[in-house]
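Taking it in order: structure first as structure tokens, then the write-up.
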Amino acid sequence: MHPFRAAVEARDTAAIEELLADDVVFTSPVAFKPYPGKPVTAAILRAAMRVFENFRYVREIADAGGREHAFVFEATVDGKRITGCDFVRTNDAGKIDDFMVMVRPLSAAQALSVRMGAEFPRIAAEAAGDPPP
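Every number in our numbering is 2 more than the matching position in the sequence shown, counting from 1.
Following this line, the structure appears as structure tokens:
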């Protein structure tokens, strides 16, 4: 099991953050622009842990070199079942430097967008190092 998956399944936010490269880029399934940097990526992942209910990984796929990983997950958001995939790439130091999430179906993605949008003030505050609103 990849350390990222283990950290998520343990809900260990400190371990998750430790696995992120300082220059990680997070690409959201519901936002147009990517989010660069460890502080905002860590804050987004903490918010996702608050938003997703009954989250569980159901499959892990890795390339032969061990730097590219896909983690298929299932969860619910406001009662809507969602299936998604976390695509991560690690750098030479073993830190995650690219993180992209894709989800389906559209109705669940829309529910996720609304819930994550509501979390955005807290995400922004956490990323800036400020206390959450």
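Virtual Cβ for every residue (Gly too), placed ideally from N, Cα, C. Note that the structure is predicted; figures quoted are calculated from it, not measured.
| Check | Outcome |
| --- | --- |
| Between Ile98 and Ala45, is the Cβ-Cβ spacing less than 8 Å? | no |
| Are the CB atoms of Asp80 and Val103 nearer to each other than 8 Å? | no |
| Taking Ser109 and Val32 to be in contact with their CB atoms under 8 Å, please state how far apart those CB atoms are, rounded to whole angstroms. | That belief does not hold up - the Cβ atoms of Ser109 and Val32 are roughly 13 Å apart, past 8 Å. |
| Using a Cβ-Cβ cutoff of less than 7 Å, which residues in the same chain neighbour Arg69 once the five nearest sequence positions on both sides are dropped? | Arg91, Thr92 |
| Which value, in whole angstroms, describes the spacing of the CA atoms of Tyr37 and Arg52? | 19 Å |
| For the alpha helix (DSSP H) that contains Phe122, what are its first and last residues? | 108-130 |
| Can you tell me whether Phe75 is helix, strand or coil according to DSSP? | strand |
| Would you identify the three-state DSSP class for Phe6, choosing helix, strand or coil? | helix |
| Based on the DSSP secondary-structure assignment, which residues constitute the bridge partners of Pro36? | Note: Pro36 sits in no beta bridge, so no partner. |
| Are there 16 or more other CB atoms within 10 angstroms of the CB of Ile63, so buried, or fewer, so exposed? | exposed |
| Would Ile84 pass as a contact of Val105 if the rule is Cβ separation under 8 Å? | yes |
| Candidates Met118, Phe101, Ala50: which alpha carbon is nearest Ala72's? | Phe101 |
| Count the other CB atoms, across all protein chains shown, that sit within 10 Å of the CB of Glu128; report buried if there are 16 or more and exposed otherwise. | buried |
| Would Ala66 be called buried (16 or more neighbouring beta carbons within 10 Å of its own) or exposed? | exposed |
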